[in-house]
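Whatever position you read off the sequence shown (first residue = 1), add 5 for the working numbering.
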Amino acid sequence: MTTANALIDHHARRLVVTLPRPYDEALEHFETVVPEADLHRFYQLGSWKATHELAEINGPYGFMSYYRSDVCALMAGSQSLWKATQYFVGNHEVAERAFREDASAALHAPLPMLIFADPDGDTKLAVDQPSLIFDSFGNPQVAEVGRELDESLAQLITLLGGDVPRQLVAS
6 MTTANALIDH HARRLVVTLP RPYDEALEHF ETVVPEADLH RFYQLGSWKA
56 THELAEINGP YGFMSYYRSD VCALMAGSQS LWKATQYFVG NHEVAERAFR
106 EDASAALHAP LPMLIFADPD GDTKLAVDQP SLIFDSFGNP QVAEVGRELD
156 ESLAQLITLL GGDVPRQLVA S
């Protein structure tokens with residue numbers, strides 16, 4: 006069976022939120038609130054119920070980190086002087102509801118996030134607003150996951166000490 010190619014334009018809104026801690030402290034706090042996913046344990050589980058139980062323990066605030074990269078180390082020797090760490094953050098139990106409807110939703114779950122220090126030394130969190138991206142799939146169940154992720158993202162920003170952009174909670 007062959008399906009046609011698809012070209013899908015979608016709207017995105019990048020949220021760049023100032024965090025109150027210096028860069029290194031902000032990273033440490035972020036990694037406390039968003040712990041690394043225990044993938045080894047998740048891979049060993051035999052049921053979705055067990056996955057749910059471990060996800061609640063491993064991601065007590067709704068998110069886990071699936072990937073972390075020190076962008077600065079990758080750019081060593083270049084003219085880029087930013088301090089920046091990239092993460093892929095999410096909860097595969099939540100993402101599964103979008104994935105079951107459209108496998109390409111996994112492009113955006115987990116969510117890419119970046120914590121960086123701007124030229125003034127202020128720490129920022131950058132992330133694209135999930136609901137706008139998930140709305141682009143044209144499926145109400147996928148869109149609902151995006152709205153749920155907006156709520157979780159708003160909670161995360163609050164836990165990190167940032168001010169939640171009104172556009173995030175008004176969607």
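Glycine included, each C-beta is placed from N, C-alpha and C at the ideal position.
In this text the structure is predicted, and so the values were computed from the model without any measurement.
The alpha-carbon separation between residue 54 and residue 83 amounts to approximately 47 Å.
Under DSSP, residue 134 shares a beta bridge with no residue.
Annotation note: the segment 77-107 contains the following uninterrupted beta strand (DSSP E) runs of length 3 or greater, listed N- to C-terminal: 88-95.
The alpha-carbon separation between residue 111 and residue 153 amounts to approximately 16 Å. Between the alpha carbons of residue 9 and residue 147 lies a gap of roughly 21 Å.
Minimum Cα-Cα distance from residue 11 among the listed residues 40, 119, 109, 31 corresponds to 109. The continuous beta strand (DSSP E) containing residue 19 extends over residues 19-24. With a threshold of 16 other beta carbon atoms within 10 Å, residue 48 falls short and is exposed. According to the DSSP assignment, residue 70 belongs to no alpha helix (DSSP H) but to the beta strand (DSSP E) extending over 69-75. Burial state of residue 25 is exposed, judged by a 10 Å Cβ sphere holding fewer than 16 other Cβ atoms. If the five residues before and after residue 174 are omitted, its C-beta is found closer than 7 Å to the C-beta atoms of 159, all from its own chain and listed in chain order. Counting only residues of its own chain and dropping the five nearest sequence neighbours on each side, residue 151 has a CB closer than 8 Å to the CB of 103, 135, 136, 137, 138, 139, 140.
One thing to note: residue 76 has its Cβ no nearer than 7 Å to the Cβ of residue 39. By the neighbour-count criterion, in which 16 or more other beta carbons inside 10 Å mark a residue as buried, residue 113 falls on the buried side.
Residue 145: not part of any beta strand (DSSP E); member of the alpha helix (DSSP H) spanning 145-164, first to last residue. Residue burial annotation: residue 155 is buried, with at least 16 other C-beta atoms found within 10 angstroms of its C-beta.
Across the set 171, 164, 169, 168, the C-alpha of 164 shows the shortest separation from the C-alpha of residue 68.
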